[in-house]
Amino acid sequence: MRGGAGLLALCLALVTTLLTACSGDDGDGTVRLRVLASPDLALMAPLLGDLKAETGVDLRLDHRADAETKTPDRDRHDLAWLSSDRYLRLTDKSATRGVQRTPTMTSPVVIGLKPDVAWKLRAQVPGGRLTWADIADAAAAGTVRFGMADPRHAGSGLAALVGVATAAAGTGAALRPEDVSCDRLRGFRSGQTLTADTGPALVDSYADHQHETNALITYESDLLALNATDRLDDPLDVVRPEDGMVLADFPLLLLNQAHRTAYDKVTQWLRRDSVQRQIMQHTLRRPVNTTVTREARLREPVGNALFYPDQPAVVKALLADYGDPDRRTTSQVVFLLDFSDSMRGARMAALREAFAGLSGADPSASGKFTRFHRGERLTVLRFGGRVLEEKTVTVTGPKDLTALADTVARGDYGGATAVWSALDRGYRTAARELAADPDRSVSLVLMTDGENNAGLSYAEFVRRHEALPAAVRTAVHTYPVHFSEADAGELRRAAARTGGRTVDAAGSSLSEAFKEIRGCR
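Written out as structure tokens, the structure is:
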């Protein structure tokens, strides 16, 4: 027993010695602290020697790609230094509650565009002040092909996602669950051609693939630093979106309360005016001290600083909707459009106007976020007393949208209204598409201005719907648009049965109704 106790004492002594060497006083008065760090903090390495010499605190940075999304291990790290701690504070409040944080520098998430693309887009906007909506519109049209860090892992990618989604919501406030109930970012996402797990890796990848990608979404500091190198054929035009940006403040977090004194020394040193100037020069990030004069290229105002979501469910929904940037999935919408005689005249004109808006003719911010986008698969099924025509296109350019518009523009009408026969046909189309591509997202939009008076009864539609494969019943939802004299009660029942919801066009317009359900699945 004595031998065992002696061995245990020796082991404890060795462990204490090792921990002192990594975290604590190393014998010459220097305090060594283990720091969990985002890869973006690697740029601070040249200043850490000065920090140690002037404060006696030696920061040992452990750069980890998941630093901003994984709860810090306080047994392994004394501090955390992140580009942003918003995700952690939102998703793991118990781990960050009461943790002291000190912002050390700032940088907004912005967009870098190749000069020719920037010129083209600015020429289309009054004053040349581009917005996230303009970028989303250009991505949907195929004009912008961008790189962005994976929002599931990198703070810059998640901040960009929040910025775009906030602009799409159009509220100017923090995103709410109802703001992301329908994914409005599909057009934007269709333009992403490059990704990486971290910001620095993304910048390197863009430099290697700049002939395949014409835009880069990341921190302002990354773009300015990349422009200052000889790695680009042409410097990127830095666009600070007019509708707001999310700011990173690169906080230093105190995880181990035993090192509060050392932490205070470090934060006081980092926030000195002289050090803030050095940080600005080394990293091209903006100083947190307003007394420090910014370099000319950092004097552009950041404008409206967007709110970060305050509900975990919002971020979860955003990340789930955006999915894996490396995995390209297709979405399909099947439009079931009433072409009965009652749709002649003004009603049909409203329908055609709605489709023109979805094809890119709507210049509003909401129109730019809800337009048809490259890679999207679209089906138009016209019906009267029977199915009159079914046309499917995959959008690759204007010619495909023109073909779809031609289908909607056809003048032949039916003498009756077979609502449930059309919906049954829509589900058979959806089943066929899912059989060909099980990963495809398919939804149905049903627009009618009258009651069912031909074809299948509602009860027969229900019987056929229940006979569909479970994968089709659960994955494919119907979104009826209630218009004019249509039976609102039956449309609501159909929506509830299929997992969708009804949109009432009576109080607005068909254009607004279609935009409201764009992206719903």
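Counting in numbering that gives the first Met the number 0, the sequence shown runs from 0 upward without gaps. All C-beta atoms in this analysis are idealised placements derived from N, C-alpha and C, irrespective of residue type, glycine included.
Quick one: grab the DSSP three-state call for Leu7.
-> Its pLDDT being 35, under 50, Leu7 is placed unreliably in this model, and the coordinates cannot settle the point.
Would you tell me roughly how many angstroms separate the C-alpha atoms of Lys113 and Asn213, rounded to the nearest one?
-> Computed Cα separation, rounded: 5 Å.
Grab the span of the alpha helix (DSSP H) containing Val386 for me, first residue to last.
-> For Val386, there is no enclosing alpha helix (DSSP H); the enclosing beta strand (DSSP E) covers residues 386-393.
Cα separation between His62 and His76?
-> Taking the straight line joining both Cα atoms gives about 11 Å.
Determine which residues share a DSSP beta bridge with Leu35 and list them.
-> Answer by DSSP bridge pairing, in chain order: Asp61, Ala79.
Out of Val313, Thr266, Ala417, Val392, point me to the one whose CA is closest to Ser339's CA.
-> For the residues Val313, Thr266, Ala417, Val392, the minimum Cα distance to Ser339 belongs to Ala417.
Classify Val480 as helix, strand or coil using the three-state DSSP reduction.
-> Three-state result, Val480: strand.
Val265 burial status per 10 Å Cβ neighbour count (16 or more: buried) = Buried, because 16 or more other Cβ atoms sit within 10 Å of the Cβ of Val265.
Would Arg121 pass as a contact of Glu241 if the rule is Cβ separation under 7 Å?
-> Glu241 is positioned such that its CB atom lies no closer than 7 Å to that of Arg121.
Residue range of the unbroken beta strand (DSSP E) whose run includes Ser106 = From DSSP, the beta strand (DSSP E) with Ser106 extends over 106-112.
Rounded distance between the beta-carbons of Met147 and Thr197, thought under 8 Å | No, Thr197 and Met147 are not in contact; Cβ-Cβ is about 12 Å, not under 8 Å.
Could you spell out where the beta strand (DSSP E) holding Thr447 opens and where it closes?
-> In the DSSP assignment, Thr447 falls within the unbroken beta strand (DSSP E) covering 440-447.
Asp486 (DSSP reduced to helix, strand or coil) = When DSSP states are grouped into helix, strand and coil, Asp486 belongs to the coil group.
Return the CA-CA distance between Asn303 and Ala430, expressed in angstroms with no decimal places.
-> Approximately 45 Å, taken between the alpha carbons.
Alpha carbon of Leu306 to alpha carbon of Gly190, nearest angstrom | The sequence shown places Phe at residue 306, rather than the Leu named in the question. Those two C-alpha atoms are separated by around 25 Å.
Where Thr130 and Arg239 are concerned, what is the direct C-alpha to C-alpha distance, given to the nearest angstrom?
-> Approximately 8 Å, taken between the alpha carbons.
What is the DSSP secondary structure of Phe382, reduced to helix, strand or coil?
-> Three-state DSSP puts Phe382 in a strand.
Which residues does DSSP pair with Ser339 in a beta bridge?
-> Paired residue(s): Gly413.
Quick one: residues in its chain with C-beta nearer than 6 Å to the C-beta of Gln275, no 5 flanking neighbours on either side, listed in chain order?
-> Pro286, Asn288, Val291.
In this structure, does DSSP put Arg517 in helix, strand or coil?
-> Residue state for Arg517 is assigned as coil, using DSSP reduced to three classes.
State buried or exposed for Pro176, treating a residue as buried only when at least 16 other CB atoms are found within 10 Å of its CB.
-> Residue environment for Pro176: exposed (fewer than 16 other C-beta atoms within 10 angstroms of its C-beta).
For Ala349 and chain C, any beta-carbon pair shorter than 7 Å?
-> The structure shown contains no chain C; it is built from a single protein chain.
If you draw a straight line from the alpha carbon of Leu350 to that of Thr103, how long is it in whole angstroms?
-> Their Cα atoms are separated by approximately 54 Å.
If you check the beta carbons only, do Arg491 and Thr501 fall under 7 Å apart?
-> Yes, these two residues count as a Cβ contact at 7 Å.
Given 8 Å, three or more beta-carbon pairs between the segment 79-86 and the segment 33-43 = Cβ pair count under 8 Å is three or more, so yes.
Reduced DSSP secondary structure (H/G/I, E/B, other) of Arg151 | Arg151: coil per DSSP, three-state reduction.
Tell me which same chain residues have a C-beta within less than 6 Å of the C-beta of Thr29, skipping the five on either side of it?
-> So the list reads Gly55, Asp57, once near-sequence residues are dropped.
Who are the Cβ neighbours of Ser341 in its own chain at under 8 Å, not counting the five residues just before and after it?
-> Within the same chain, Ser341 has close Cβ partners Thr416, Asp448, Gly449, Ser483, Glu484.
Determine the direct distance from the alpha carbon of Asp320 to that of Lys398, and round the result to whole angstroms.
-> Cα-Cα distance, rounded: 28 Å.
What's the C-alpha gap between Asp133 and Gly156?
-> So the two alpha carbons sit approximately 18 Å from each other.
Would DSSP call Gly171 helix, strand or coil?
-> Of the three classes helix, strand and coil, the one that applies to Gly171 here is coil, per DSSP.
Could you have a look at Val287 and say whether DSSP puts it in helix, strand or coil?
-> Three-state result, Val287: coil.
Within the same chain, show all residues whose beta-carbon is closer than 8 Å to that of Asp248, passing over the 5 residues directly before and after it, in chain order.
-> Hits under 8 Å: Ser83, Pro102, Thr103, Met104, Thr105, Val287.
Starting from the C-beta of Gly498, find all residues in its chain whose C-beta is less than 6 Å away, skip the five residues before and the five after it, and write them out in chain order.
-> Around Gly498: His476.
Per DSSP, Gly146 is paired with what?
-> In DSSP, Gly146 forms a bridge with Leu193, Leu215.
So, helix, strand or coil for Ala132, using DSSP?
-> For Ala132, the secondary structure class from DSSP, reduced to helix, strand or coil, is helix.
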